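Colleague: Quick one: the structure is below, questions incoming.
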Amino acid sequence: MMTDFLNDPRFRDLKPFESRVWLSSPTMHGEEQHWVDEAILTNWVSTVGKNIDVVEKECAEKVGRRFAVGLSAGTAALHLAIRLAGERLYGPAPANQGVLRGHKVFCSDCTFDATVNPVAYENGEAVFIDTELDSWNMSPEALEKAFSLYPEVRLIVLAHLYGTPAKCDELRAIADRHGALIVEDAAESFGSTYKGTQTGCFGDYAIISFNGNKIITGSSGGMFLTDSEEDAHKIRKWSTQSREDAPWYQHEELGYNYRMSNVIAGVIRGQLPYLETHIAQKREIYERYREGLKDLPVVMNPIPAETNPNYWLSCLTVNPEALCAQVRDERRALYITEPGKSCPTEILGALAAFKAEGRPIWKPMHLQPVYRNHVFITAQGVARGRSNAYIAEAAAADNGAELFRYGLCLPSDNKMTEAQQRVIIDIIHRCFE
Numbered sequence: 396m397m398t399d400f401l402n403d404p405r406f407r408d409l410k411p412f413e414s415r416v417w418l419s420s421p422t423m424h425g426e427e428q429h430w431v432d433e434a435i436l437t438n439w440v441s442t443v444g445k446n447i448d449v450v451e452k453e454c455a456e457k458v459g460r461r462f463a464v465g466l467s468a469g470t471a472a473l474h475l476a477i478r479l480a481g482e483r484l485y486g487p488a489p490a491n492q493g494v495l496r497g498h499k500v501f502c503s504d505c506t507f508d509a510t511v512n513p514v515a516y517e518n519g520e521a522v523f524i525d526t527e528l529d530s531w532n533m534s535p536e537a538l539e540k541a542f543s544l545y546p547e548v549r550l551i552v553l554a555h556l557y558g559t560p561a562k563c564d565e566l567r568a569i570a571d572r573h574g575a576l577i578v579e580d581a582a583e584s585f586g587s588t589y590k591g592t593q594t595g596c597f598g599d600y601a602i603i604s605f606n607g608n609k610i611i612t613g614s615s616g617g618m619f620l621t622d623s624e625e626d627a628h629k630i631r632k633w634s635t636q637s638r639e640d641a642p643w644y645q646h647e648e649l650g651y652n653y654r655m656s657n658v659i660a661g662v663i664r665g666q667l668p669y670l671e672t673h674i675a676q677k678r679e680i681y682e683r684y685r686e687g688l689k690d691l692p693v694v695m696n697p698i699p700a701e702t703n704p705n706y707w708l709s710c711l712t713v714n715p716e717a718l719c720a721q722v723r724d725e726r727r728a729l730y731i732t733e734p735g736k737s738c739p740t741e742i743l744g745a746l747a748a749f750k751a752e753g754r755p756i757w758k759p760m761h762l763q764p765v766y767r768n769h770v771f772i773t774a775q776g777v778a779r780g781r782s783n784a785y786i787a788e789a790a791a792a793d794n795g796a797e798l799f800r801y802g803l804c805l806p807s808d809n810k811m812t813e814a815q816q817r818v819i820i821d822i823i824h825r826c827f828e
C-alpha cells in the first residue's frame, strides 16, 4: 500500500517542514574553516601536515590508545586493521592473495557492510554472529557457540551499533580463551564508554570514522588505533603505497593510497573540541524521544548498564502485537494500515512526506544477497549457509532479523530543534491512530 500522507485524514492539518530534518548531518562550528584555510595557505594540502599530526595525537589521547594513524576513511582503517591482524595470525601473503587465505572470521551481523567487506578483500570468509537484544550488538552466547563449532577461528570483527558499546568484557574474555584477536569497529561509537573505558580500547586493533554523518566529521576520513608503535609504522607505510626508504620508488610489498588528507584533517581538528557537546545534544534528543513516545507500543534502542553511549542515532522498535501487516522484497516494502497499529515502513513514509529523514535498522549481513550463503550462528547454535556444520533441532531466534523487521532509526540530527522533534513525535503518534 502507498499512502498519500499529506492528504491522509490523520495528517491533514500538518505541513511539511520548511527545510529538511536530517537523520544525522555534519554540524560545523567555524574553527574547521580556520584549519582548512591554514592548510591551503601554507600549501600543506596533501597527506602530510600539522593538522594530521594534531588529530592523530588528540584522537589517541581521547580514546586512550598510544598511537593513531589518520586514513582516508573508516573502511580504509578497517581494511588495514584486518590485513594487519591476518598477517599477524597467518603470515604475509603474496600480492595476488589475501592474508586471510580462506580462513573464517567471526563478524558482527547487525552492522553496515563496511565492517565486514574488508574480510572479503583479504580472501577471508565472514561467519556472522547473531545480535543480542540487551545492546543490539554481537551476542556473547552466540560467539561462544560459534567457537564450539569452529574452534580454529582466530579473528573477530566487532562493531558497536549506533554508538552503543557491546558487552566488551564478555566478548574479550571469550576471544582470549580461544586465542583470537579482535578488530574493533568503533566507527559509530567515538566518545562512548563501557565501564568507564572508551570504545576503541577493547580490540587488539580499533578504528573510528569521520564520515559525513558521524558524531565528529571530516566529511570523510578514518583513524586506526593501536598500542604498538611498530604496528602504527606499518599502517602508515601500507597506507602510502608501501614505499621503502630508498631514493627512488621501491616497493617490496602490497600498498594502498589510504592516507588522510591534511585538508580533511583540518575539518576534524576543528570538530574535535565539540565531541562532548555533540554527545550531550544527541543524548537530549534520545531522552525527548523516550519521553514523548512512552505511551506508544514502541521501545527505544536499549542503553545497557555501565555504558555511556554517544547516542549517535536514536532508534525504536514496534512491539510485535502492534505491528501492522508488512512485507519486504530486496528493494521495496508494502504494508496494510490497521487502526492502532503501525510498522517501520509506514512511519518512515510519513516522516519522509513531511521532509524528515529516518532509516530502517541495518539489514543484517546474513540477509544481504552478497553474503546470503555465508554461515550465520545464533546463541542456539544454528549455522546457515553452504557450510552447515551444525543444525539445531529447534528453530533458533534470529535477533538481527527481528530488529530489522520491527525497527527504524529516527531523525537524530543535533541541529533539529525541540519544536521540530515534537512534530516528529506527533507524526509517529498519528501513525498508530
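396 is the number of the first residue of the sequence shown in the numbering used here; add one for each residue after it. Glycine included, each C-beta is placed from N, C-alpha and C at the ideal position. Predicted model only: the values in this text are computed from it and were never measured.
(1) Can you tell me where the beta strand (DSSP E) with Phe523 in it begins and where it stops?
(2) Around the Cβ of His769, are there at least 16 other Cβ atoms within 10 angstroms (buried) or fewer (exposed)?
(3) Along the chain, which unbroken stretches of the alpha helix (DSSP H) at least 4 residues long are found entirely within the segment 564-642?
(4) Go ahead and pull the three-state DSSP assignment for Thr694.
(5) Assuming Gln645 contacts Arg638 (C-beta within less than 8 Å), just tell me the rounded distance between them.
(6) Report the CB separation of Val552 from Asp580 in whole angstroms; it is logged as a contact under 8 Å.
(7) Out of curiosity, what's the CA-to-CA distance linking Arg461 and Arg664?
(8) Flag this pair as touching only if the segment 673-690 and the segment 470-487 have three or more C-beta atom pairs under 8 Å; answer yes or no.
(9) Tell me the rounded alpha-carbon separation between Ala627 and Asp525.
(10) Distance check for Arg754 and Cys348, CA to CA, integer angstroms please.
(11) Is it buried or exposed for Ile435, if we count other Cβ within 10 angstroms and need 16 for buried?
(12) Short of 6 Å in beta carbon distance, which residues of its chain neighbour Ser419, apart from the five on each side in sequence? Order them along the chain.
(13) If you follow the alpha helix (DSSP H) that Lys540 is in, where does it begin and where does it stop?
(14) Taking the CB atoms as reference points, tell me whether Trp707 and Gly558 lie closer together than 8 Å.
(15) Would you call the segment 454-469 and the segment 610-630 touching, i.e. three or more CB-CB distances under 8 Å?
(16) Does Thr437 pass the burial test, meaning 16 or more other C-beta atoms within 10 Å, or should it be called exposed?
(17) Do you know whose CA, among Ile610, Phe749, Cys454 and Pro642, lies nearest Ser709's CA?
(18) Exposed or buried, which one is His498 when buried takes at least 16 other CB atoms within 10 Å?
(19) Are the segment 512-519 and the segment 476-492 touching by the rule of at least three beta carbon pairs closer than 8 Å?
(20) Below 8 Å on the Cβ atoms is my contact criterion, and I expect Leu556 with Phe501 to pass it. Report the Cβ-Cβ distance as a whole number of Å.
Modeller: Reading off the structure:
(1) Mapped onto the sequence shown, residue 523 falls at position 128. Glu520 to Ile524 is the extent of the beta strand (DSSP E) around Phe523.
(2) Residue mapping note: residue 769 aligns to position 374 of the sequence shown, counting from 1. Counting Cβ neighbours within 10 Å, His769 comes out buried, since at least 16 surround it.
(3) Unbroken alpha helix (DSSP H) runs of no fewer than 4 residues, entirely contained in the segment 564-642, are found at 624-634, following chain order.
(4) Numbered from its first residue, the sequence shown carries residue 694 at position 299. Sequence check: residue 694 is Val here, not Thr. Val694: strand per DSSP, three-state reduction.
(5) In the sequence shown, counting from the first residue as 1, residue 645 sits at position 250. In the sequence shown, counting from the first residue as 1, residue 638 sits at position 243. About 7 Å separates the two Cβ atoms, so the contact holds.
(6) Position 157 of the sequence shown, counted from the start, is the residue given in the question as residue 552. Position 185 of the sequence shown, counted from the start, is the residue given in the question as residue 580. The C-beta distance from Val552 to Asp580 rounds to 6 Å, short enough to meet the 8 Å contact threshold.
(7) Within the sequence shown, residue 461 is the residue found at index 66, counting from 1. Within the sequence shown, residue 664 is the residue found at index 269, counting from 1. About 19 Å.
(8) The segment 673-690 and the segment 470-487 do not touch, with fewer than 3 CB-CB distances between them shorter than 8 Å.
(9) Numbered from its first residue, the sequence shown carries residue 627 at position 232. Numbered from its first residue, the sequence shown carries residue 525 at position 130. Computed Cα separation, rounded: 32 Å.
(10) In the structure as shown, the chain starts at 396 and stops at 828, and residue 348 therefore has no counterpart that could be examined.
(11) Within the sequence shown, the letter at position 40 stands for residue 435. Around the C-beta of Ile435, fewer than 16 other C-beta atoms lie within 10 Å, and the residue is accordingly described as exposed.
(12) Counting from one through the sequence shown, the residue named residue 419 turns up at place 24. Around Ser419: Asn608, Ser807 and Asp808.
(13) In the sequence shown, counting from the first residue as 1, residue 540 sits at position 145. Note, Lys540: alpha helix (DSSP H), Pro535 to Leu544.
(14) Working through the sequence shown from its first residue, we reach residue 707 at position 312. Working through the sequence shown from its first residue, we reach residue 558 at position 163. Yes, Cβ-Cβ distance for Trp707 and Gly558 is below 8 Å.
(15) Contact between the segment 454-469 and the segment 610-630 is present, because at least three Cβ pairs lie under 8 Å.
(16) For the purposes of this step, residue 437 is taken as the residue at position 42 of the sequence shown. Flag for Thr437 reads exposed.
(17) Here residue 709 corresponds to residue number 314 of the sequence shown, with the count starting at 1. The option with the nearest alpha carbon to Ser709 is Ile610.
(18) Taking the first residue of the sequence shown as position 1, residue 498 is located at position 103. Classification for His498: buried.
(19) These segments touch.
(20) As a position in the sequence shown, residue 556 is number 161, starting the count at 1. As a position in the sequence shown, residue 501 is number 106, starting the count at 1. Not a contact, Cβ separation roughly 16 Å.
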